[in-house]
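Protein chains in written order, with our numbering: chain P, 5 to 119; chain U, 445 to 556. Glycine is no exception: its CB is placed at the ideal position from the N, C-alpha and C atoms. As the structure is a computational prediction, the values presented were derived from the model and not from experiment.
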């Protein structure tokens, strides 16, 4: 398996523009997580899905952020409009329900810079 | 809080020495996991210890868990320069096992 795939790897955009980050989880995994990492706030859980259904979006910072999972193999995180303070590395991770093990597999991340 | 808190925040050791990192948490857990993050990369799962286990080994890694003190430690023996990374603990709470809240991590530097 190729692991969790994220695209793009780097994104530079101007304030006010819409940004869409993409994630393909590991095939067969039923949980998908979106995280944001900055020096100031560390690694924050934004939202997670189970079987394509959003379970907890309490970490989504504002209404400018939205996430979807239209099918088991694809998820998007959208920021509209983007602001400079959204600059961060965004990680997607997936895991498989298996007894008491909930190991998460992380993608390489998308480094977002909002000018 | 479900979040794990790692201690120390930073650790610098010589290659060949052992590195010990600690984690404290506040909730009841099903398991506790340790992850490593190399600079600019995603986190990589290292080891999982269940709440009914007290110690677990994986190669040069040794993890202990004390549920009465709500604490865990990660020991890396015979460290190598390649072990330089940030290390995070993630307690999996009983009421939300599939959600992991990461702390700020321990930044380990292994000097050649």
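Asked, Found
"Cα-Cα separation, residue 62/P to residue 92/P", "19 angstroms"
"At least three beta-carbon pairs within less than 8 angstroms, the segment 74-86 of chain P to the segment 48-57 of chain P", "yes"
"Own chain residues within Cβ distance below 8 angstroms of residue 510/U, not counting five before or after", "498, 516"
"Whole-Å CB distance - residue 114/P paired with residue 94/P, under 8 angstroms assumed", "5 angstroms"
"Same chain only: Cβ atoms within 6 angstroms of residue 454/U, ignoring 5 sequence neighbours per side", "551"
"C-beta neighbour in chain U for residue 47/P, strict 7 angstroms", "yes"
"Contact list for residue 548/U against chain P, beta-carbon separation under 7 angstroms", "46"
"Run of the beta strand (DSSP E) containing residue 72/P, from where it starts to where it stops", "69-75"
"Nearest to residue 40/P (by Cα), restricted to the options 31/P, 51/P, 33/P", "51/P"
"Contacts around residue 458/U, its chain only, beta-carbon distance under 6 angstroms, and the 5 residues preceding and following it disregarded", "555"
"Cβ neighbour criterion (16 or more within 10 Å) applied to residue 42/P", "exposed"
"Residue 485/U in three-state terms, based on DSSP", "coil"
"Residue 473/U beta carbon less than 7 angstroms from that of residue 526/U", "no"
"Inter-residue CB distance, residue 447/U and residue 545/U (contact presumed, cutoff 8 angstroms)", "4 angstroms"
"Local conformation of residue 6/P per DSSP, three classes", "coil"
"In DSSP terms, what residue 463/U is bridged to", "520/U"
"Of the listed residues 508/U, 477/U, 493/U, nearest to residue 109/P (C-alpha basis)", "477/U"
"Residue 461/U beta carbon less than 7 angstroms from that of residue 549/U", "no"
"Residue from 26/P, 35/P, 49/P with nearest C-alpha to residue 547/U", "49/P"
"Proximity test, residue 485/U beta-carbon vs the ligand ATP heavy atom, cut-off 6 angstroms", "As presented, the structure is devoid of all ligands, the ligand ATP included, so that no description of it is given."
"CB contact below 7 angstroms: residue 106/P versus chain U", "yes"
"Distance between residue 488/U and residue 542/U (C-alpha atoms, nearest Å)", "16 angstroms"
"Which listed residue (89/P, 36/P, 20/P, 119/P) has its alpha carbon closest to that of residue 101/P", "36/P"
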